[in-house]
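What follows is a single structure, written as structure tokens, with notes after it.
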Amino acid sequence: MKNHTLILSALLAGAFGTAHAAEDLSGKVEKLVASSFKPGEGQDMSRLTQDETQKICSKTRNNPSAKEADAINTRERATIKYPDGKKLMGDWKNGEKLVKGGFGMRIGAIEPDKADKQKGGNGGNCYACHALDPKEVAAGNIGPSLTGYGALRGASDDIVTYTYDKLYNAQATVACSSMPRMGHNGILTPAQVADITAYLVSPESPLNQK
Amino acid sequence: MKQNLMLTGTAALAIVLAAPSAMGEASVEEYRAMLADKDANPGFLVIDQGEALFKTKRGPKNASLEKCDFGLGPGKLKGAYAQLPRYFKDTKRVQDVESRLLTCMVSLQGFDEAEIKKKTFADQRYNETNTDIEMLAAYVAYQSNGMKITPPLKHPAEKEALKVGEAYFWNRHGPMDFSCATCHAEDGKRVRLQNLVNVYNKKDIQATMSTWPTYRVSHGAMRNMQHRMWDCHWQMRTPDIEFGSPATTALISFLTHQAKGGTYDLPGMKR
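Protein sequences appear in the order of chains Y and V.
Sequential numbering from -6 applies to the first sequence in the working numbering.
Sequential numbering from 12 applies to the second sequence in the working numbering.
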């Protein structure tokens, strides 16, 4: 619907020759970024370089045209990697640890995450945005509640694959989704994504208990 | 006063710890109500420290900051913060309170800018006292308490900062793919139990901008907008955004304009 409205406004703008289409400020933003971060110890300047998907989502303020959205879906789908043997249902108990963990990947000279505190790698930080285990009340709501995820959907191969893919690269299905591309961006490994998949889908998972 | 502080601290801690088991927003609301108790705000101590520092002759030039111009003329502090960020002719750029303080500390007092920028924030992990610039900004800002948020929008550079600041607000980068808008463009959103301001909701953004600088209980320190900008970027997993940089200043311009018409209620106190 939103996309249709956008297309319609674009057509109208074209037809009447109005120059009031949102000004493309990406060049100015790029300059702003270039003058506001400095390389140095603990900094990783490469994180400021946007890939094509980030560029489109920034420019369109997360409202890509239908064509742009298709291009994002196709490009992001191609990035999905599976664990060895394509075993997409991992260990839900490790998945539970990963969804709770919020540690990892903070950099800089002021307060970087310390590697020695980071046993088991980065956390998935899932509770920041999602409700999961019904016993955990300190859950954010930027993303939808995932409580009872598997109980509602079952554990068919299709559901398992869909869930793994969503975790690995949310933009393979929803262009400009708010969710980080957890696998593609290297926050979680394919094996860890499989563990979280199991935590969401598995009937034994606390998330699926009443 | 001191007893009040301690009581508030203990009660706040109890509420924070009780929150998950109490299972509700009610206890969080109670905690917030306690934070709103002005008499118990330790930020006043920091403001007083800032005032003393502001009036002390310091630096290689052995001068105070009393001739610093925050936009209303040298030494005119009353209401100056309420009209920031603004364009300054001498530096030819839009500045907020902290970047302007930097300018004055360099030009009037002879401090080295790079040296100041090495340590702009107190480190809460080591229970550090606020830095000079944090104290100074708290003091200068407080001189606009009770006044309306009225940043000027006449100079082309001010219009540009607002426009590019908003565009940057939507800029997605870093391994989390986040922009400011990921968390701050919709009503009723939370990270864990922390409510998030929607900068496109007038009431919401006014409530936020009118209460910064703010005393942060979890940091045991006064915090300014430049720190808030750094903190969000740190959580977004970008490199450290530079203190007083064009990007932080442009963002602060955008946020301040969104909050236009709100009334400064300083110092704030937050989690």
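Note that CB positions come from ideal geometry on N, CA and C, so glycine has one too.
_Determine, for residue 268(V), whether the minimum Cβ-Cβ distance to residues of chain Y falls below 9 angstroms._
no
**Request:** Anything in chain Y within Cβ reach of residue 168(V), meaning under 7 angstroms, just list it in chain order.
**Result:** The premise fails here: residue 168(V) is roughly 13 angstroms from chain Y at the closest Cβ pair, so nothing lies under 7 angstroms.
Could you please give me the residues that DSSP links to residue 128(Y) through a beta bridge?
Residue 128(Y) is not bridged to any residue.
Report task. Give the DSSP-derived three-state secondary structure of residue 155(Y) in the structure shown. Result -> helix
Item to complete: Rounded to whole angstroms, what's the CA-CA distance from residue 131(Y) to residue 204(V)? Just pull it up for me.
Response: 5 angstroms
CA-to-CA distance, residue 142(Y) to residue 199(Y), given in whole angstroms | 11 angstroms
Does any residue of chain Y bring its CB to less than 9 angstroms from the CB of residue 259(V)? yes
Given 8 angstroms, three or more beta-carbon pairs between the region 265 to 281 of chain V and the region 35 to 47 of chain Y: no
Could you tell me if residue 251(V) is buried or exposed, where buried requires 16 or more neighbouring beta carbons within 10 angstroms of its beta carbon?
-> buried
**Prompt:** Tell me which same chain residues have a C-beta within less than 7 angstroms of the C-beta of residue 129(Y), skipping the five on either side of it?
**Reply:** 120
Item checked: Interface flag, residue 175(V) vs chain Y, CB-CB below 9 angstroms -> yes
* To do: Measuring alpha carbon to alpha carbon, tell me which of 68(V), 72(V), 106(V), 112(V) ends up nearest residue 259(V).
  => 106(V)
Could you check the C-alpha separation between residue 74(Y) and residue 262(V) for me, to the nearest Å? 37 angstroms
- Exposed or buried, which one is residue 143(V) when buried takes at least 16 other CB atoms within 10 Å? buried
> Thinking C-beta only, is residue 135(V) closer than 9 angstroms to residue 72(V)?
Replying inline: no
Is DSSP giving residue 226(V) helix, strand or coil here? strand
- Start and end of the beta strand (DSSP E) containing residue 232(V)? 232 to 234
Name, please, each residue of chain Y whose Cβ falls closer than 7 angstroms to the Cβ of residue 187(V). 173
Short CB-CB distance (under 9 angstroms) between residue 246(V) and chain Y
yes
- request: Put residue 180(Y) into one of helix, strand or coil per three-state DSSP.
  value: coil
query = Listed in chain order, which residues of the region 96 to 122 of chain Y have Cβ atoms closer than 8 angstroms to some Cβ of chain V?
reply = 98, 99, 100, 101, 102, 103, 104, 120, 121, 122
Are there 16 or more other CB atoms within 10 angstroms of the CB of residue 20(Y), so buried, or fewer, so exposed?
exposed
Practice problem: Could you please tell me which residues of the region 193 to 210 of chain V, in chain order, have their CB closer than 7 angstroms to any CB of chain Y? | Solution: 193, 194, 200, 201, 202, 203, 204
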